Each structure stands twice: as structure tokens, then as C-alpha cells.
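Below is one structure, written out as C-alpha cells; the observations come after it.
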Amino acid sequence: MLLVAAPPTTRTSSPSTTTTAMMMSARRRTMSMGSSAFVRATKSRGTRGSAGRRRAPSTVRVVSEGTGRFIVGGNWKCNGTRASVKELVETLNKNVPNIEKNCDVFCCPTFLHLPYVKENLDSRFNVCAQNSWVEADLVDPEHHYDSTTGAFTGEISAEMLEDLEVPFVLLGHSERRTLLGETDEIVGKKVAHARYHGLSVVVCIGESLEERENGTTFDVIFKQLKAVAKEIDDREHSSWGSSVVIAYEPIWAIGTGKVATPEQVQEVHSKIRNWLAENVSEDVAKATRIQYGGSVNASNCADLAKLSDIDGFLVGGASLNGDDFAAICNASSVHYKAVGR
Ligand code: 13P
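Sequential numbering from 65 applies to the sequence shown in my numbering.
This is how it looks when you write it as C-alpha cells:
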């Protein structure tokens with residue numbers, strides 16, 4: 065649930081009309097992507113000075129959970145051969161009639177498999193890259209770190225993803241943070257740069273087991289959020305909402321079979337939403353989709369989906385099984401029923 069100040073917010077629109085309204089924001093233009101349209105922020109450079117918008121709530125009360133469409137992603141990580149990817153694509157395509165229409169879905173193959181998947185996967189699924197490059201020590205706030213093509217051997221730029229019409233990119237996954245040393249600051253820059261190139265972003269945050277046990281979970285995730293908000297709040301504030309998804313993935317739950325309890329997930333998600341309300345805006349807090357990731361599977365997704373502040377899942381291992389992934393997508397209906405919409 066979201067704690068924000070009066071005046072009261074009455075939500076009358078359906079998830080899709082809410083999303084549509086956000087997409088019509090004056091500072092954006094839509095790009096046609098076959099059957100899927102996605103939002104591209106205009107390359108405006110004149111929206112600095114958001115600090116004045118931050119305010120302490122005078123009357124704090126419970127208003128609402130998020131209002132965005134349920135969104136489920138499959139992170140295929142560093143998995144797949146040509147044969148296994150072909151098989152997975154075929155299974156997913158076969159499952160399209162079984163997947164509820166009330167949720168957004170994306171799949172993240174490796175860069176190598178991305179063009180094949182984009183060509184062959186049904187347009188019911190969006191494709192999502194697993195990373196995009198930004199120069200770590202670039203200080204370039206006026207140009208959105210916009211020099212990411214060139215002599216950077218082995219990297220993939222947001223410009224290339226834009227050129228390929230890849231609508232989403234996953235950034236800041238804990239495996240990249242812990243194994244490849246990505247800092248909060250780099251992730252923030254990557255988000256700004258990817259948004260500048262019109263990509264919707266799924267930004268991963270989450271604490272380690274040690275951090276949870278020593279009571280610093282919220283210090284860690286608020287710091288991760290702050291690094292992102294610093295970059296996009298200043299310049300492209302209106303491109304939060306449906307275009308920036310937050311995936312809360314406690315590191316101790318990833319690939320371990322140890323799923324966070326519904327209480328743990330609800331506590332973190334509602335605090336993320338409150339943080340957004342207090343540090344970005346109430347509108348952004350309501351519109352931002354917050355996914356949970358970490359050992360989600362077809363058996364445990366329904367219980368989690370009942371939580372008011374969960375807006376979807378980011379799925380690793382179970383997304384490599386097309387039938388299981390389709391079942392997880394359909395937890396959207398459990399969620400809408402539980403929250404009464
Ligand atoms: P698992 O679902 O395999 O735990 O992975 C979660 C994850 O890291 C998704 O990004």
C-alpha cells in the first residue's frame with residue numbers, strides 16, 4: 065500500500081487506459097514496433113530542478129497500491145543454444161492463446177539470440193536485452209552519457225538496441241553488480257542513457273543475505289533507487305511510470321529455491337513505493353510497476369501475486385520452460401482479483 069498525502073486519489077480508469085493516458089504524455093512520442101508500441105522520451109534537455117517537487121506529506125494516509133498493468137519478464141541469462149532457443153520460442157508461441165491479455169510480458173535472451181527471438185517470437189511477447197553499455201567515468205549530464213558507440217570492444221550500446229527496435233532493456237541485475245562490479249552510479253547512468261534512446265527499462269535492485277541479516281536492506285535498496293532517480297528525475301521525470309519498471313530481487317532468493325515470504329516482499333515493495341512517492345512523485349509511485357524476482361515458479365507465483373504492491377515477476381530458471389512461464393504470466397488474474405480491479 066502507498067502512504068501519501070491528501071488530496072485523495074480516485075482511480076477510475078482501467079489498467080490499460082491508465083497506461084494509455086501515460087503514454088500520451090506531451091513530452092513523449094510513440095514508436096510503432098510491429099504490433100507493440102512503446103514509448104520514447106523526447107530528447108528534451110530542459111526539465112532540471114525537480115528538487116522543488118519533493119515535499120513531506122502533511123497528512124499521511126493509505127491511498128492505493130500501484131495502478132500499472134501486471135508485467136512478467138523471463139530473464140534467460142547466459143543460457144541457450146540455437147536448438148534450445150528455437151524450442152523455447154516454439155513452446156512460448158504455442159502458449160500465446162493460454163496467456164491472459166491483462167498483462168505485459170517480455171523475454172530476455174542473450175544478445176546473440178536476440179535477433180532470432182525478435183524475428184520468431186510471437187508479438188505477444190516483447191523482447192528485452194539483458195544489458196546496455198555506458199562509459200563508467202563519463203560525466204555528461206547534458207548529453208545523457210551519449211557517447212556509447214565507438215571503441216568499446218565487446219559492448220552493446222543502447223543506440224544499437226534502438227536501431228534493432230528492441231523495446232526493453234534489463235539493467236543493474238545483481239549478477240552484473242556482484243560479478244562484474246557495476247556500481248549504483250553506473251546503473252543510474254545506464255538507465256538515463258537507455259531512456260534517452262527510447263528504451264523501456266527494467267532496473268533490478270535488491271540486498272544480499274548479509275545485508276538482510278545485518279538490517280541494512282532498506283539502506284541498500286534506497287541507495288540503489290536514489291542513483292536511478294538522480295539520473296532520470298532531473299531530466300526525464302515524466303519518463304518514469306510505465307517506462308521504468310523496478311525489479312526487486314533479493315540476491316539470497318535468486319536461483320536458490322529460497323523464495324522471499326509474501327510478508328517480506330510486501331514490506332519491501334510498499335517501502336519502494338513510499339520512497340518513490342516521497343522522493344520522485346506520487347504519480348510515479350502509483351504508476352511504477354514493481355516486480356518481484358527470486359525463485360519464482362509456477363507453484364509459488366499465485367500466493368505472491370495476491371500482494372497489493374506486487375505488479376509482476378522477473379523470472380529466471382522457470383522462464384526457460386515455456387509452459388511454466390505462461391502459467392506465471394497468468395498470475396496477473398490472481399493479482400487483479402485480489403486487489404479488486
Ligand atoms: P531465478 O528465478 O532463477 O531465481 O532468477 C531470478 C532472476 O535473477 C531473474 O532476473
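Quick reminder that beta carbons are idealized off the backbone N, C-alpha and C, glycines included.
Because the structure is a prediction, the values reported are computed rather than measured.
Exercise for review: State the Cα-Cα distance for the pair LYS411 and SER238, rounded to the nearest angstrom.
Suggested key: Residue 411 lies beyond the range of the chain shown here (65 to 405); nothing can be said about it.
Review point. What's the call for GLY279, buried or exposed, on a 16-neighbour Cβ count within 10 Å?
Key: Flag for GLY279 reads exposed.
Check your understanding: From this set, ASN361, GLU346 and LYS287, which residue's C-alpha is nearest GLY321's C-alpha?
Key -> ASN361
**Study point:** Cβ pair THR155, GLY386 closer than 8 Å
**Key:** yes
**Study point:** Other residues of its chain near ILE220: CB distance less than 8 Å, five sequence neighbours each side excluded
**Key:** PHE175, ALA193, ASN195, SER196 and TRP197
Check your understanding: Taking all protein chains shown into account, do 16 or more other C-beta atoms lie within 10 angstroms of the C-beta of GLY404, making it buried, or fewer, making it exposed?
Key -> exposed
Check your understanding: Is there contact between the segment 323–332 and the segment 368–380, where contact requires at least three CB pairs shorter than 8 Å?
Key -> yes
Practice item. May I ask whether a heavy atom of ligand 2 can be found less than 7 Å away from the beta carbon of SER359? Key: Ligand 2 is not among the ligands present in this structure, which contains only ligand 1.
Check your understanding: Just how far apart, CA to CA, sit ASP186 and GLU246?
Key -> Those two C-alpha atoms are separated by around 33 Å.
Review point. If LYS350 and GLY130 are in contact, beta carbons under 8 Å, what's the gap, nearest whole angstrom?
Key: 6 Å
Check your understanding: Using a threshold of 7 Å, is the CB atom of ASN139 nearer than that to any non-hydrogen atom of ligand 1?
Key -> yes
Check your understanding: Who does ASP168 pair with in a DSSP beta bridge?
Key -> ILE135
Practice item. Express the C-alpha separation of ALA311 and GLU229 in angstroms, rounding to a whole number. Key: 22 Å
Exercise for review: Check the C-beta distance from SER396 over to PHE189 and give it rounded, since I have them as a contact under 8 Å.
Suggested key: With a beta-carbon spacing of about 14 Å, SER396 and PHE189 fall beyond the 8 Å limit used to define contacts.
Exercise for review: Specify, as a first and last residue, the run of the alpha helix (DSSP H) that ALA366 falls within.
Suggested key: Run containing ALA366: 365–369, per the alpha helix (DSSP H) assignment.
Exercise for review: Identify whether TRP339 lies in helix, strand or coil by the three-state DSSP scheme.
Suggested key: helix
Exercise for review: For the segment 238–272, list the beta strand (DSSP E) runs that are entirely contained and at least 3 residues long, ordered along the chain.
Suggested key: 264–269
Point to revise | Range covered by the beta strand (DSSP E) that runs through LEU378 | key: Note, LEU378: beta strand (DSSP E), 376–379.
**Study point:** Pick from HIS257, GLY236 and ASN364 that is closest to ASP248, judged by C-alpha positions
**Key:** GLY236
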